[in-house]
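**Q** Sharing a structure, written as structure tokens. Questions coming.
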Amino acid sequence: MSDYPKEFLDLLESVSDKRPRTVIQHILKNGYITTQELKDDYGYNHPPRAARDVRELGIPLVTYRVPGPDGRKIAAYKFGDPNEAKNMLSKASGRTVLSKALKQALVEKYGPKCFIYLETMDENILQVDHRVPYEIGGEQDEEDLDCFMLLSPSANRAKSWTCEHCTNWETKDAEFCLSCFWAHPEKYDHVAGRLEKVVSIIFSGNEIDDYNKLIELAGEESAQETIKRIIHERLK
3 MSDYPKEFLD LLESVSDKRP RTVIQHILKN GYITTQELKD DYGYNHPPRA
53 ARDVRELGIP LVTYRVPGPD GRKIAAYKFG DPNEAKNMLS KASGRTVLSK
103 ALKQALVEKY GPKCFIYLET MDENILQVDH RVPYEIGGEQ DEEDLDCFML
153 LSPSANRAKS WTCEHCTNWE TKDAEFCLSC FWAHPEKYDH VAGRLEKVVS
203 IIFSGNEIDD YNKLIELAGE ESAQETIKRI IHERLK
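Oh and the sequence shown: position 226 is 228 in our numbering, straight run, nothing missing.
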């Protein structure tokens, strides 16, 4: 612990939220923490999210690989350069308060709809998100609306989970993200690295009767396959 500047140690000690504090204290004691330890020892099923909590507080973390219990390489986190903490703090504080003006500008340009599900909804529910995750692309200029998107809470959670489990979460290639469905659902080449195409179907109003008939016919687990089969037969 004495190897770190006092200012950096004070920053670490100031963290009170349980999840980032757990990560910080473990690294202070052991030098690093692995994704396996986050899962097995602390019960965090999404280790990248725990690491993100620390980074959002302005504390630099480096991701690298270490041998796991079975000999395979697993991800691990350790502190980065303490001198970078101040710059990261300013970024983190900016990230957590994407302005109301930015959200209003997006609503005015695109309407109050989720970019992923293409569903119009109460704009108070919609959340502003970076098209390229902050952890990969860094902060973006709010004047450039093309760098941001509006998401429903469920779409935001789905995007976060998918991005954190994508191989690019570690390689951090912003161009790779820009060609992904989760950044540009209107024009994309892949879905988190997989050769896939996505069509979101929303049933509302009288269409709910159609949805209920579909589920009754095919069941929830087979509904997607049934829709794709109907489309395939129709397009033959």
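A virtual CB, placed ideally from N, CA and C, is assigned to each residue, including glycine.
Is it a yes or a no for the segment 113–130 touching the segment 171–182, going by three-plus beta-carbon pairs under 8 Å?
**A** The segment 113–130, when compared against the segment 171–182, does not touch it at the 8 Å Cβ threshold.
**Q** Which value, in whole angstroms, describes the spacing of the CA atoms of Leu30 and Ala194?
**A** Spanning the two alpha carbons is a distance of roughly 33 Å.
**Q** With DSSP as the reference, identify every bridge partner of Tyr190, one or two as the case may be.
**A** Answer is none; Tyr190 lacks a bridge partner.
**Q** Does the beta carbon of Asp191 come closer than 8 Å to any beta carbon on chain C?
**A** Structure shown: chain C not included; a single protein chain is present.
**Q** Tell me the residue span of the alpha helix (DSSP H) that contains Lys282.
**A** What is shown of the chain runs 3 to 238, which leaves residue 282 out entirely.
**Q** How long is the line joining the alpha carbons of Ser224 and His192, rounded to whole angstroms?
**A** Each residue's Cα considered, the two are about 24 Å apart.
**Q** What are the partner residues of Cys116, as DSSP defines its beta bridges?
**A** Looking at the DSSP assignment, Cys116 forms no beta bridge with any residue, so it has no partner.
**Q** Distance, Cα to Cα, Asn47 vs Leu40?
**A** Cα to Cα, Asn47 sits roughly 8 Å from Leu40.
**Q** Counting only the same chain and skipping the five closest in sequence on each side, list residues whose C-beta sits under 6 Å from that of Val64.
**A** The answer, listed in chain order, is Lys80 and Gly82.
**Q** Would the segment 144–153 and the segment 49–57 be scored as touching if the rule is three or more Cβ pairs under 8 Å?
**A** The segment 144–153 vs the segment 49–57: no contact.
**Q** Out of curiosity, what's the CA-to-CA distance linking Ile203 and Asp212?
**A** Approximately 12 Å, taken between the alpha carbons.
**Q** Does the beta-carbon distance from Val134 to Lys105 come in below 8 Å?
**A** Cβ distance not < 8 Å, so Val134 and Lys105 don't count as in contact.
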